[in-house]
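Residues in the sequence shown are numbered from 11 upward in steps of one, following the working numbering.
One structure is given here, and the rest of the page talks about it.
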Amino acid sequence: MDVLLPRSLEEALELAAANPEVVPIAGGTDVMVELNMDLGRPETLMDISRLPELGELRRDEDGHLFLGAGVTYTRIMRELPEHSALVQASRSVGSPQIRNRGTVGGNLGTGSPAGDALPVLAAWDAEVILARAGGSTRSVPWREYLTGVKQTAREPGELILGARWNVPRGPGSFSKIGTRNAMVIAVANLCLQVDEDGRSVRVALGSVAPTVVRAEPAETFAAQVFEGAGLWDDPRATLAADAAERFGELVADAANPIDDVRGTSGYRRHAVGVMARRTLGWALADRAAA
Numbered sequence: 011m012d013v014l015l016p017r018s019l020e021e022a023l024e025l026a027a028a029n030p031e032v033v034p035i036a037g038g039t040d041v042m043v044e045l046n047m048d049l050g051r052p053e054t055l056m057d058i059s060r061l062p063e064l065g066e067l068r069r070d071e072d073g074h075l076f077l078g079a080g081v082t083y084t085r086i087m088r089e090l091p092e093h094s095a096l097v098q099a100s101r102s103v104g105s106p107q108i109r110n111r112g113t114v115g116g117n118l119g120t121g122s123p124a125g126d127a128l129p130v131l132a133a134w135d136a137e138v139i140l141a142r143a144g145g146s147t148r149s150v151p152w153r154e155y156l157t158g159v160k161q162t163a164r165e166p167g168e169l170i171l172g173a174r175w176n177v178p179r180g181p182g183s184f185s186k187i188g189t190r191n192a193m194v195i196a197v198a199n200l201c202l203q204v205d206e207d208g209r210s211v212r213v214a215l216g217s218v219a220p221t222v223v224r225a226e227p228a229e230t231f232a233a234q235v236f237e238g239a240g241l242w243d244d245p246r247a248t249l250a251a252d253a254a255e256r257f258g259e260l261v262a263d264a265a266n267p268i269d270d271v272r273g274t275s276g277y278r279r280h281a282v283g284v285m286a287r288r289t290l291g292w293a294l295a296d297r298a299a300a
């Protein structure tokens, strides 16, 4: 196996162009597991962990936040405390050692539907920034970027620069169910985000379909019942007792899970319904307390 060690983003892109099938590695929390379990043996690895450009974290003039592909979960927890859903997702990843190495760029590179950061990016309608040699870049909406189980729209010769989004104003949270309390791959996970300005509720699900999915019928329902109850104008208004139950049912209907060693399809549907009701309740409480 060859290991390439670029010292700049420009050099990395040139190496990627010359070696289209190269596997980039930063934290290695996914790649090294596959190597150790003999599930894959790429001919060429490229260590991109030393590239300062991928560690960039900035707020653009248009209000969007750019998160470089090399920013670790530990940095997210420390430097983005106001982005509560992403912080909660980051905190759920592995152990402190894993969080010190793992990155959202790694989640995007692997494209696993169980990637903990991905439902948050989906709920925030993030776009993935890809680059290739020669200075060309392109922005791919998350819906188009995640194409299947561990399949993405990243083309040979391209590297992930990072993700970019505009977080809606309003409370949001991330929930995860696993076979134990920590250091576990999600049986199911969910991000709920209230968009006060757009008067909408966004719900994204992970580990319950071939890719991360949005529960759009549930989102429409929630926005309508908020409107009907006067909750958009008065956060202390009361939601009908059966509305949360119906919301959970609609979220569960959006799931298309499988049976595997971590859980059955029936359990996964039940789990996301429960998480949906809980996160909706948390969002209502946060709005009332604000």
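For every residue, glycine included, the Cβ atom is placed at its ideal position computed from N, Cα and C.
DSSP-derived helix/strand/coil call for residue 214: The three-state reading of DSSP puts residue 214 in strand, counting E and B together.
One or two residues paired with residue 316 in a DSSP bridge: Any property of residue 316 remains undetermined from this structure, which presents the chain solely from 11 to 300.
Sheet register partners of residue 187 (DSSP bridge): Bridge partners of residue 187: 198.
Given 8 Å, three or more beta-carbon pairs between the region 277-289 and the region 237-249: At 8 Å Cβ cutoff, the stretches do not touch.
Sheet register partners of residue 161 (DSSP bridge): Partner(s): 158.
Rounded C-alpha distance that separates residue 293 from residue 254: The alpha-carbon atoms of residue 293 and residue 254 are separated by roughly 12 Å.
Residues of its chain near residue 205, where Cβ-Cβ distance is below 6 Å and the 5 sequence neighbours each way are ignored: Here the set comprises 178 and 180.
The alpha helix (DSSP H) enclosing residue 285, as first and last residue numbers: 275-299 is the extent of the alpha helix (DSSP H) around residue 285.
Stretch pair the region 257-269 + the region 211-224: three plus CB contacts closer than 8 Å: Under the 8 Å Cβ criterion, the region 257-269 counts as touching the region 211-224, having at least three qualifying pairs.
Buried/exposed call for residue 62, threshold 16 Cβ in 10 Å: Exposed is the call here.
Buried/exposed call for residue 18, threshold 16 Cβ in 10 Å: Counting Cβ neighbours within 10 Å, residue 18 comes out exposed, since fewer than 16 surround it.
Residue 161 to residue 154 span [Cα, whole Å]: Going by the C-alpha atoms only, they are around 11 Å apart.
Same chain, Cβ closer than 7 Å to residue 12, neighbours up to 5 away in sequence not counted: Closer than 7 Å at Cβ, skipping near neighbours: 53 and 54.
Beta-carbon spacing of residue 197, residue 287 below 9 Å: In this structure, residue 287 does not lie closer than 9 Å to residue 197 by Cβ.
Residue burial classification, residue 79 (beta-carbon count within 10 angstroms, cutoff 16): By the neighbour-count rule (16 or more Cβ atoms within 10 Å), residue 79 is buried.
Exposed unless 16 or more other CB atoms sit within 10 angstroms - verdict on residue 15: With fewer than 16 other CB atoms across the displayed protein chains lying within 10 angstroms of its CB, residue 15 is exposed.
contact_flag[the region 120-137, the region 162-174] where n(CB pairs < 8 Å) is 3 or more: Enough Cβ pairs lie closer than 8 Å, so yes.
Residue 48 - partner residues in DSSP beta bridges: DSSP lists no partner for residue 48.
Close Cβ partners of residue 125 (< 6 Å) along its chain, the five nearest in sequence each way excluded: Closer than 6 Å at the Cβ level, and outside the excluded window around residue 125, lie 117.
Assigned exposure category for residue 49 - 16 Cβ within 10 Å defines buried: By the neighbour-count criterion, in which 16 or more other beta carbons inside 10 Å mark a residue as buried, residue 49 falls on the exposed side.
Host beta strand (DSSP E) of residue 148 (start-end): Membership of residue 148 in the beta strand (DSSP E) is indicated by the continuous run 146-151.
Heavy atom of the ligand FAD within 8 Å of residue 250 beta-carbon: Among the ligands in the structure shown, none appear at all, so the ligand FAD cannot be discussed.
Sequence-distant residues of its chain with Cβ nearer than 7 Å to residue 229 (five each side left out): Apart from sequence neighbours up to five positions away, the residues of its chain that approach residue 229 with a beta-carbon distance below 7 Å are 210, 211, 212 and 213, ordered along the chain.
Inter-residue Cα distance where the pair is residue 158 and residue 187: Those two C-alpha atoms are separated by around 22 Å.
Nearest to residue 9 (by Cα), restricted to the options 295, 123, 85 and 46: Here the chain has residues from 11 to 300 only, and residue 9 is not among them.
Beta-carbon gap between residue 163 and residue 138 smaller than 9 Å: If you check the CB distance, residue 163 and residue 138 come in under 9 Å.
Proximity to residue 75 [Cα-Cα], best of 135, 189 and 35: Just measuring C-alpha positions, the residue of 135, 189 and 35 sitting nearest residue 75 is 135.
CA-to-CA distance, residue 31 to residue 91, given in whole angstroms: Between residue 91 and residue 31, the C-alpha separation is close to 37 Å.
One or two residues paired with residue 137 in a DSSP bridge: In the DSSP output, where bridge partners are listed per residue, residue 137 has 151 and 174.
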